[in-house]
Amino acid sequence: MLKEFRNDIYLRRLWVATSWEEVKDKFVCHKNNEPIEKYEDGGAYTYDCVRHRESKQCGTLMLFIMEESLPSSYIVDIIFHESTHAVNLMCDEIGVRFDLSNDYHSVYMVQWVSICCWLVLQKEIHKDNK
Numbered sequence: 001m002l003k004e005f006r007n008d009i010y011l012r013r014l015w016v017a018t019s020w021e022e023v024k025d026k027f028v029c030h031k032n033n034e035p036i037e038k039y040e041d042g043g044a045y046t047y048d049c050v051r052h053r054e055s056k057q058c059g060t061l062m063l064f065i066m067e068e069s070l071p072s073s074y075i076v077d078i079i080f081h082e083s084t085h086a087v088n089l090m091c092d093e094i095g096v097r098f099d100l101s102n103d104y105h106s107v108y109m110v111q112w113v114s115i116c117c118w119l120v121l122q123k124e125i126h127k128d129n130k
């Protein structure tokens, strides 16, 4: 599954996918137009500065490899871990600097990214229960 999300506050695109096959020919690095790299270790990856080949839109791609049944607590852990990476990359790209005494912008972004991930992953988790 591959799903695109838009954030109208920070004007970022986010794609969440659940298999390499869904993304391998659809995205390139928007800085050099090179294909995105397939990583072999781990179960989730966050790619910054990608461009969707067809739509030409730029943003962040999150790839979750769901090859086996995982405990819910582990899925939540992966979502928050990768969401934090994604938000750090987005903030860096748009020039938002972290302020530990006023962190609402990053907290809301982590919340948005996490919800997007969950919307995709819950469909993947429950696809065989239909």
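Residue numbering for the sequence shown is 1 to 130, as defined by our numbering. We put the CB at the ideal spot given by N, CA and C, even for glycine. Keep in mind the model is a prediction, meaning the values are calculated, not measured.
inquiry  = Helix, strand or coil for Lys-123? Go by DSSP, reduced to three states.
reply    = helix
Residue interval of the alpha helix (DSSP H) (run including Glu-22) = 20–23
message = I need the boundaries of the alpha helix (DSSP H) containing Tyr-134, first residue and last residue.
response = Here the chain has residues from 1 to 130 only, and residue 134 is not among them.
Nonlocal neighbours in the same chain, by C-beta distance under 7 Å from Ile-75, ignoring five residues either side = Leu-121
task = Could you tell me which residues DSSP puts in a beta bridge with Pro-35?
result = Val-28
request  = Within the same chain, show all residues whose beta-carbon is closer than 8 Å to that of Trp-118, passing over the 5 residues directly before and after it, in chain order.
outcome  = Within the same chain, and ignoring the five residues on either side of Trp-118 in sequence, the residues whose Cβ sits closer than 8 Å to its Cβ are Ile-79.
ask   = What separation, rounded to the nearest whole angstrom, lies between the Cα atoms of Glu-37 and Lys-3?
value = 19 Å
ask   = Should Leu-63 be labelled buried (16 or more other beta-carbon atoms within 10 Å of its own) or exposed?
value = buried
query = Quick one: is Tyr-104 buried, meaning 16 or more other Cβ sit within 10 Å of its Cβ, or exposed?
reply = exposed
request  = Can you give me the start and stop residues for the beta strand (DSSP E) that Glu-4 sits inside?
outcome  = From DSSP, the beta strand (DSSP E) with Glu-4 extends over 2–7.
inquiry  = My output table needs one value for Met-66: the three-state DSSP class, helix, strand or coil.
reply    = coil
query = Would you say the beta carbon of Thr-60 comes nearer than 8 Å to a heavy atom of the ligand SAH?
reply = With respect to the ligand SAH, the structure shown offers nothing to examine, as it has no ligands at all.
ask   = To the nearest angstrom, how far is it from the Cα of Thr-18 to the Cα of Leu-100?
value = 33 Å
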